[in-house]
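Here the structure is laid out as structure tokens; the discussion comes afterwards.
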Amino acid sequence: MKKLLQVKNLSVSFNTYNGEVQAVRNISFDLFEGETLAIVGESGSGKSVTSKSLLRLNPTETTMLKSGHILYNGHDILTCSEQEIRAIRGAEISMIFQDPMTALNPTMTIGKQIAESIKKHTTLRGQQITNRVIELLQLVGIKEADKRYKQYPHQFSGGMRQRIVIAMALACEPRIIIADEPTTALDVSIQAQILELLKSIQQKMNLSIIFITHDLGVVAKMADRVAVMYAGKIIEIGLVDEIFYHCQHPYTQGLLAAMPNPDIDTDTLYAIPGTPPNLLHPPIGDAFASRNQHALKIDFKEEPPLFQVSDTHFAATWLLHELAPKIVPIHQQLAQVQQEKHKAPAVFDKEHPYLSLKEVKQHFSLGKNAVNKAVDGITFDIYKGEIFGLVGESGCGKSTTGRSIIGLNAITSGEIRVDGRNINDNQTKKDKLAFNRKVQMIFQDPYSSLNPRMKIADIIAEGLAIHGIPKNEWKPKIYELLNIVGLTKEYANRYPHELSGGQRQRIGIARALAVEPELIIADEPISALDVSIQAQIVNLLKKLQKERGLTYLFIAHDLSMVKYISDRIGVMYRGKIVELADSQELYDHPVHPYTRALLSAIPLPDPKLERERNRIIFNEATYQANRNNESESFIEIRPGHFVMLTEEEFDQYQLAQEGGILL
Amino acid sequence: MVRYIFKRIGYMIITLFIIILLSFLLMKALPGSPFNDERLPETQKELLYKKYGLDKPVPVQFGIYLTNLVQGDLGVSFVFDNRPVTKIIQERIGASAILGFQAVTVGTIIGLLLGIIAALRHNTIIDYGATILAVLGISIPSFVFAGFLQYWVGVKLGWLPIAFWNGFEYSILPTIALAVGVVATIARFTRIEMLEVLSQEYILTAKAKGLSNPFIITKHGIRNAMIPIVTIIGPLTVNTITGSLVIEKIFSIPGLGEQFVNSIITNDYQLIMGTTIFYAVLFVTVILIIDILYGLIDPRIRVTGGDKA
Amino acid sequence: MTTKNYSKELFEYAQQADITDDITYRPEQSFWQDAWRGLRKNKAAIVGLCTIIIVILLAIFGPFMNSHGYDEQNIARTNLPPKIPVLENIPFLGLNGVDSRGVDQYEAKGITEYFWFGTDELGRDLWTRVWQGTRISLYIAFLAATIDLIIGVAYGAVSAFYGGRTDNIMQRIIEVLVGIPGLIVNILLILILKPGIISITIAMVIVGWISMARIVRAQILKLKSYEYVLASRTLGASNQRLIWKHLIPNTLGPIIVATTFTIPGAIFTEALLSFIGLGLQPPTASLGTIVNDSYKLLRIYPHGMIVSSIVISLIMISFNLLGDGLRDAFDPKTRK
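In order, the protein sequences belong to chains A, B and C. Heads up: the first sequence begins at 1 in this note's numbering, then just goes up one per residue. Heads up: the second sequence begins at 1001 in this note's numbering, then just goes up one per residue. Heads up: the third sequence begins at 2001 in this note's numbering, then just goes up one per residue.
As structure tokens, this is what we get:
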């Protein structure tokens, strides 16, 4: 295979308010013709900086290029003239950015934005350009392209905008596309569509793709080769199967182990301890050493070189040195443990549900005659001590449901009972306070969920103050709570902005625990966190649930994590629960077309599986069109497995069952 | 969009009504005002009584005043031998309009250039220089600047006439004096908007397309930065009106501002009231135009229509 | 593989303490310390702050620094140019008592005293008058800014916090008021109230609070949807607690910035009113009235205008610089 692009010894630093951040530290890799190279890493690992360096797009004022070459077609991209780099950008190498909402100019029609690079790099003019634009829009799957090219970005949905961005990148038939987290801002089903689009275009045009992402599932689906970045370095690089099945670096192993595997039942997820190092002061030796349970003495003294594992596979860890002790890789250790254990299903008191929702509706008025039916008649119970998962894509009403239960919104109609008591009966101040103690919430955004003006101690103590607990009891209680969530008591005197995302999320949990609640509503508590931190928080939540007999409503869009943590799962679609079952049952036998599409859209961190999988497409328009919504009802098709079906759909389902066709 | 415009016009009328009511009541209450001046000659008093029905209840009087106003009758000035206020405003507005127009045009062009250059050369000497100039322009009171301009350029150096209004060269110094504030305001705002726009991801997208910097800055940068700049036309109008009061006085320009200041000094209430209402109408109209303009130039509002309301 | 030889013990397991998760990302500091650190990096803002402090000190103590009263007239020593000990020996500064025609007025009038800023047309000491005037101007500005702040914060907070119909009505009122040109209202009001410290302040406050109310409302509306406010609500916090513990503290930044810009605005308005004949009545002097009086003598005795304009411009510039610096310091967007 031909080498298209060579990166040699690239080091990039940034000047910041606090000093020099060494974002990328001496990395080298090649890109071959027609391949997809994925660069994986957590936030701050330097993957985005690397991708931007490839087109010299990092902000000039703050970026310091320390060393290195990027060779493309006889040019060194880092040192060539402004004119040469401009001739490469868009024409030879183009880029797709993360957020399609901000990547398009809001005041220019999309047709003009695509035409810009055609005009710049080709000899096409006038009508020819328009034709090319329409052709490109059709290529990326935008219907009525001949009309829509005159529209502005805000007239398109997020997924459509990302298609437009892709059309823009393809405009001059480049040889390389750099995709910087192109699907992170999108829902899973849209993500699956965009990924497939990229793959089909790659085959048609023989493109090379550099795919930047933090999601190992997406990597498994897309990549031919994978480079894993940690603390500004490539710590392991190899073919996708080598990385997923034979990885050598303890960080890569840890990352893979931290992803819940839907096919294996485990009690705790593997979690890499600690947080990534601060690149203002990169550690001496192996940057991962302080988080590595098998760290060697030399890890703290000297940086490991890249050891060759195979022709295509390299890893930077001293464990590969001939003198190093041989260690069983983490994921294999875990697999052995899992074989031994088999979890007995938990038993709950189904007669007296702790939380019970009956036909709850939450409508918001959007001005005259317009109503947003955020939650449109949902009914479900949560038993005491259970973890109930609520999944769905953005805008399906899952978060609104959580907020309605805790009383942040007054419900439009229906009934919510907590511990047998209707929450609308809580009229007096005392009743309301008692209710607030029973039900607590953990929020999504670790950056906006803590008041920046308050010390951690005051944040945790807020509940104690509100519920009139004497001041002299606060201090031991705060220390105890910090200890419970895995932080030391030194944190009490800190301010939120001094902490990392994971640490803040722990404080949020401590705040909720302070009033000793019975039910916790966790609203996407991990979706803003990095993979290795997600596992830590999920383990903490599970541990607390066990120790304290808590009941959880776990709201999330990530089905694999929900499957892992929940006893039962409800799938929400357009304000309604369309399917509800035990999590294993739901995962094994999904019935509703939406659930099945959703399940098939989740990329799994298993490249072999990904290659074989077929995605089930859920076509919203045809689903809505052929349906008699009046006759739909929540039917129990198997014990504990409910599906929202119309009479017609239920008949079809029964016929299929009798005919022995497994759904 | 149409509904939105009607709504805005509704607010505009309420605002104007309040201003007119306020000024009317003030005039009624003031001793020495045209309605109750003891020194007023009997003939004129009769005239007034006849015209406004001063023997009738106050609401009726206000009704009559409003009716006259709608017909463009703002009453007569007593200081200027009973000349109609409308007439005086008509005579005076010319010089003010020319001065205001020149200052705003020159000021906006220089301000935009300065702001854009400062943003493009962010954190360099040029940026700091432009920022300091803008702070000085906003901070130094217009009358101080006008005073010294007149003293140094006019009197000491003798380059340009320092007073009156007899041709273009007479308008140069007052235009500069009035434009300084405009330059500073626009430059400051443009710089901030430009920096904001330049940090947007679509600028990076444009760069990744291989477009040249000047092209990106004009096509993507300036165009998007200009949209919010429309909103400062409002405060700018106020500044220009305010500035014209003192600058016309300093340079003895026979404009509306100078007239207004004189009418305050001579207690010519009818004229004060008339001019006040005129300024209010001008200001409210400008605000209305800005609102509509904003909707027109921003496709996010124009195409979906009425979302802002 | 590697050419280098390593000793075997390097490849033993490292003694490792429990991996604790206590790496903090930033040094320990409160919000105020953080803002102060941001402000300190902005040299222009610090210069502005120092100038403001000096001007305030001079406004308090300046009039007592010599023996002249601010309204002490003396026909024998009218229109004296400035003369300052020591500095009088540096000719180009023009602080040696020589007027624009090159005559030493002190010698000509036989005056041995030093008038640091010279005297006006009634022979009053300008040093004393200028600082006395600064005191009045600052007093008016601070008073107006404080009242703006109280009304604006209360109005904005109530409007945003209660939302719904209350907010709707309160916003309609503001939309009507915004259309009224401020200066016109000032002029009309002062015409009835007659110029005076209180009437000028009231006139400025009448329309001045609106911008503060809008800023506070916008900020609180934004904060209301923040998750820490929701968290506090789910814990059962009372409205009072929400307002005082969460909303107001997080609105202080924008409030302080807005106030910093209100003060020079008020000083300018006061001066402008003086300039068009609606200023304070003699013998009370403000910076505006002094500039106005000395402007009339600019062509013959420029020193009065020069001194008073420098002081007023300095105050305006300083507050604007400080305001810019504070805005950057409070806005985390500008720091990364």
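Ideal Cβ positions, reconstructed from N, Cα and C, are used throughout, including at glycine.
Min CB distance residue 2011 of chain C to chain A below 7 Å: yes
Residues in the stretch 2119-2145 of chain C having any Cβ partner in chain A nearer than 9 Å: none
Continuous alpha helix (DSSP H) stretch holding residue 50 of chain A: start and end: 47-53
Test: residue 89 of chain A CB closer than 7 Å to a CB of chain B: yes
For residue 1011 of chain B, three-class secondary structure by DSSP: helix
Segments of 4+ residues assigned as alpha helix (DSSP H) that fall wholly inside the stretch 547-602 of chain A: 559-565, 583-588 and 593-601
Sub-7 Å separation of residue 27 of chain A and residue 212 of chain A beta-carbons: no
Residue range of the beta strand (DSSP E) that includes residue 729 of chain A: No answer is possible for residue 729 of chain A: it lies beyond the span of chain A, which begins at 1 and ends at 663.
Extent of the continuous beta strand (DSSP E) to which residue 373 of chain A belongs: 371-382
Close Cβ partners of residue 2131 of chain C (< 7 Å) along its chain, the five nearest in sequence each way excluded: 2058, 2059, 2062 and 2063
Residue span of the beta strand (DSSP E) that contains residue 523 of chain A, given as start and end: 519-523
Length of the line joining the Cα atoms of residue 1245 of chain B and residue 2154 of chain C: 34 Å
CB of residue 559 of chain A within 7 Å of CB of residue 1207 of chain B, strictly: no
Residue 493 of chain A - DSSP class collapsed to helix/strand/coil: helix
Residues of the stretch 298-315 of chain A whose Cβ lies closer than 9 Å to any Cβ of chain C, in chain order: 298, 299, 300, 301, 302, 305, 307 and 308
Closer than 6 Å: residue 1061 of chain B CB and nearest the ligand GTP heavy atom: Among the components of this structure there are no ligands whatsoever, and the ligand GTP is therefore not found.
Endpoints, alpha helix (DSSP H) assigned at residue 648 of chain A: 647-658
Residue environment, residue 2108 of chain C, which counts as buried when at least 16 other CB atoms sit within 10 Å: exposed
Residue from C/2323, C/2308, C/2219 and C/2156 with nearest C-alpha to residue 2137 of chain C: C/2308
Cα-Cα separation between residue 460 of chain A and residue 1009 of chain B, rounded to whole angstroms: 51 Å
Under the three-state DSSP convention, the category residue 2246 of chain C falls into: helix
Close-in-space but distant-in-sequence residues of the same chain around residue 50 of chain A (CB under 6 Å, 5 per side omitted): 24
Neighbour-count burial assignment, residue 366 of chain A, 16 or more Cβ in a 10 Å radius: exposed
Within the stretch 2105-2131 of chain C, ranges of the beta strand (DSSP E) (whole runs, at least 3 residues): none
Chain A contacts made by the stretch 2293-2311 of chain C, where a contact means CB separation under 9 Å: none
Of the listed residues C/2330, C/2186, C/2243 and C/2222, nearest to residue 1280 of chain B (C-alpha basis): C/2186
Extent of the continuous beta strand (DSSP E) run through residue 180 of chain A: 176-180
Cross-chain neighbours of residue 1245 of chain B in chain C, by beta carbon under 7 Å: 2276
Three-state secondary structure (DSSP) of residue 143 of chain A: coil
Beta-carbon proximity list for residue 2253 of chain C, same chain, < 7 Å, skipping 5 on both sides: 2330
Ordered list of alpha helix (DSSP H) runs contained in the stretch 265-343 of chain A, each at least 4 residues: 330-340
Closer than 7 Å to chain B by CB, residue 107 of chain A: yes
Rounded straight-line distance, which links the Cα of residue 224 of chain A to that of residue 244 of chain A: 11 Å
Chain C contact residues for residue 1136 of chain B, given Cβ-Cβ distances below 7 Å: 2317
Whole-Å CB distance - residue 183 of chain A paired with residue 194 of chain A, under 8 Å assumed: 5 Å
Given 8 Å, three or more beta-carbon pairs between the stretch 517-528 of chain A and the stretch 436-445 of chain A: yes
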